[in-house]
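Visitor: Please find one structure pasted underneath; my questions will follow.
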Amino acid sequence: MFQGASQLTIDPKGRLSMPTRHRDALLAQCGGRLTVTRHPDGCLLVYPRPTWEARREQIAALPYAARALQRLLLGNATDVDLDSAGRVLVPTELRGAAALERDVMLLGMGAHFELWDLARLGHHEQEQLANGLPDAAADFTF
1 MFQGASQLTI
11 DPKGRLSMPT
21 RHRDALLAQC
31 GGRLTVTRHP
41 DGCLLVYPRP
51 TWEARREQIA
61 ALPYAARALQ
71 RLLLGNATDV
81 DLDSAGRVLV
91 PTELRGAAAL
101 ERDVMLLGMG
111 AHFELWDLAR
121 LGHHEQEQLA
131 NGLPDAAADF
141 TF
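One point on numbering: in our numbering, the residue at position 25 of the sequence shown is 25, and numbering is uninterrupted.
See the structure below:
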């Protein structure tokens, strides 16, 4: 399970250094093989490859009415690998789609990660919290 937030920097070549606490788990779990794709909220999703492969099957099985979501997730999915220095190259097209330039936030979301532009994440969180908790979280207590 991946959890926690890591503020990171994308280097000029588009590489991101995976935090050590996640790097070791990713090497053990999937040999550093990852898949990166877009998310409807404007961030990127980063999956260990075996987790993505199961998720990919679920997405592909959605009805035709979900074609836009399939196009977004499957059509933008790119396989990447951790290099020997523990970095991952975020593809140019995906960096552009998520407005990732330099300062980013990697959020552990259980079985996968979200990768956000730092400023965009702050705006998104403020907007979401201003709307209050969704009905699905009505019974949740802190």
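For glycine and all other residues, C-beta sits at the position ideal for the given N, C-alpha and C.
1. Around the C-beta of Pro12, are 16 or more other C-beta atoms found within 10 angstroms, so that it is buried, or is it exposed?
2. Judging by CA-CA distance, which residue of His22, Thr141, Val36 and Ala99 is the nearest neighbour of Gly4?
3. Could you spell out the range, first to last residue, of the alpha helix (DSSP H) harbouring Leu82?
4. Would you list the one or two residues that DSSP bridges to Arg15?
5. Suppose you measure from the CA of Val104 to the CA of Asp117; what does that come to, to the nearest Å?
6. Using DSSP bridges, identify the partner residues of Pro48.
7. If you measure between the beta carbons of Leu45 and Ala97, is that distance less than 9 Å?
8. Quick check on this structure: which residue in Leu8, Met18, His123 and Leu16 has the alpha carbon closest to the alpha carbon of Gly42?
9. To which residues does DSSP link Thr9 through a beta bridge?
Guide: Let me spell this out:
1. When all chains shown are included, Pro12 counts as exposed.
2. Minimum Cα distance to Gly4 is reached at His22.
3. Looking at the DSSP string, Leu82 is not in any alpha helix (DSSP H), and its letter there is neither H nor E.
4. Here Arg15 is bridged, per DSSP, to Leu89.
5. Using only the alpha carbons, I get a separation of about 4 Å.
6. Note: Pro48 sits in a beta bridge opposite Leu34.
7. The answer is no: Cβ separation not under 9 Å.
8. Measuring from the Cα of Gly42, the nearest candidate turns out to be His123.
9. Looking at the DSSP assignment, Thr9 forms a beta bridge with Asp103.
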